[in-house]
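Engineer:
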Amino acid sequence: MYSLAYRITGNFEDAEDVLQEGFLKVFRSIESFRGDSKAGTWIHTIMARTALDRVKSKMQFTDLEIVPEVADESNYLSVESEYLEKAILGLPDGYRSIFTLFEIEGFKHREIADMLAISENTSKSQLHKAKRMLQNKLKTEM
Numbered sequence: 001m002y003s004l005a006y007r008i009t010g011n012f013e014d015a016e017d018v019l020q021e022g023f024l025k026v027f028r029s030i031e032s033f034r035g036d037s038k039a040g041t042w043i044h045t046i047m048a049r050t051a052l053d054r055v056k057s058k059m060q061f062t063d064l065e066i067v068p069e070v071a072d073e074s075n076y077l078s079v080e081s082e083y084l085e086k087a088i089l090g091l092p093d094g095y096r097s098i099f100t101l102f103e104i105e106g107f108k109h110r111e112i113a114d115m116l117a118i119s120e121n122t123s124k125s126q127l128h129k130a131k132r133m134l135q136n137k138l139k140t141e142m
């Protein structure tokens with residue numbers, strides 16, 4: 001849950017706040033759980049929505065840190081992962097959210113559309129644009 005909150009908010013402190021707020025929402029609304037899906041999916045959806053609400057309310061942009069050059073080739077994959085993570089965090093909020101929910105968390109476009117109150121085609125389109133942005137960003141940085 002923490003990684004979901006972090007990937008959507010792009011900020012450790014906000015991710016911790018989202019976890020607290022999200023679990024409070026789960027606790028307070030446990031009686032409204034209908035069992036239409038697995039409990040884990042229901043909780044995941046609450047966390048994702050809480051994180052998205054946090055991003056919308058703050059409307060902040062995450063500053064990207066420069067990754068130091070590494071001379072040792074054994075650290076190449078680590079540096080590559082850092083570049084990818086920073087590139088994902090550098091995506092506009094909506095694109096980052098959809099990319100995270102689809103590619104990392106494994107939600108389907110229909111589920112994402114329901115969570116974000118957008119059309120399924122908008123989810124697909126924004127995912128495609130997010131991938132293109134990441135590809136361009138990584139080409140220039142690597």
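Going left to right, the sequence shown walks through residues 1 to 142 as full-length UniProt numbering numbers them. A virtual CB, placed ideally from N, CA and C, is assigned to each residue, including glycine. All values derive from a computational prediction rather than experimental measurement.
Considering just the uninterrupted stretch of the alpha helix (DSSP H) at Gly40, what are its terminal residues?
Structural biologist: Here residue 40 is taken as the residue at index 40 of the sequence shown, counted from 1. Gly40 -> alpha helix (DSSP H) spans Ala39 to Lys58.
Engineer: For Ser119 and Ser3, I'd like the C-alpha separation in whole angstroms.
Structural biologist: By 1-based counting over the sequence shown, the position of residue 119 is 119. By 1-based counting over the sequence shown, the position of residue 3 is 3. Between Ser119 and Ser3, the C-alpha separation is close to 25 Å.
Engineer: Does the separation of the CB atoms of residue 152 and Phe102 fall below 7 Å?
Structural biologist: For the chain, the structure presents residues 1 to 142; residue 152 sits outside this window and is missing.
Engineer: Determine the burial state of Arg96: buried for a count of at least 16 other Cβ atoms within 10 Å of its Cβ, exposed for fewer.
Structural biologist: As a first step, residue 96 must be located in the sequence shown, where it is residue number 96. With 16 or more other Cβ atoms within 10 Å, it is buried.
Engineer: Take Phe27 as the anchor and find which of Phe107, Leu91, Asp36 and Met47 has the nearest alpha-carbon.
Structural biologist: Residue numbering aside, residue 27 sits at position 27 when the sequence shown is read from its first letter. Comparing Cα-Cα distances from Phe27 to each of Phe107, Leu91, Asp36 and Met47, the minimum goes to Met47.
Engineer: Check whether the Cβ atoms of Leu89 and Gly10 sit closer than 7 Å, and answer yes or no.
Structural biologist: Position 89 of the sequence shown, counting from 1, holds the residue named residue 89. Position 10 of the sequence shown, counting from 1, holds the residue named residue 10. For Leu89 and Gly10, yes; Cβs fall inside 7 Å.
Engineer: Assuming Arg49 and Met115 are in contact, meaning their beta carbons sit under 8 Å apart, how far apart are those beta carbons, in whole angstroms?
Structural biologist: Counting from one through the sequence shown, the residue named residue 49 turns up at place 49. Counting from one through the sequence shown, the residue named residue 115 turns up at place 115. Contact holds; Cβ gap of about 6 Å.
Engineer: Going by CA-CA distance only, name the one from Gly35, Ser37, Trp42 and Val55 that's closest to Val18.
Structural biologist: The sequence position of residue 18 within the sequence shown is 18, counting from 1. Out of Gly35, Ser37, Trp42 and Val55, Val55 has the C-alpha closest to the C-alpha of Val18.
Engineer: Between which two residues does the alpha helix (DSSP H) carrying Arg96 extend?
Structural biologist: Looking up residue 96 in the sequence shown gives position 96. Residues Asp93 to Phe99.
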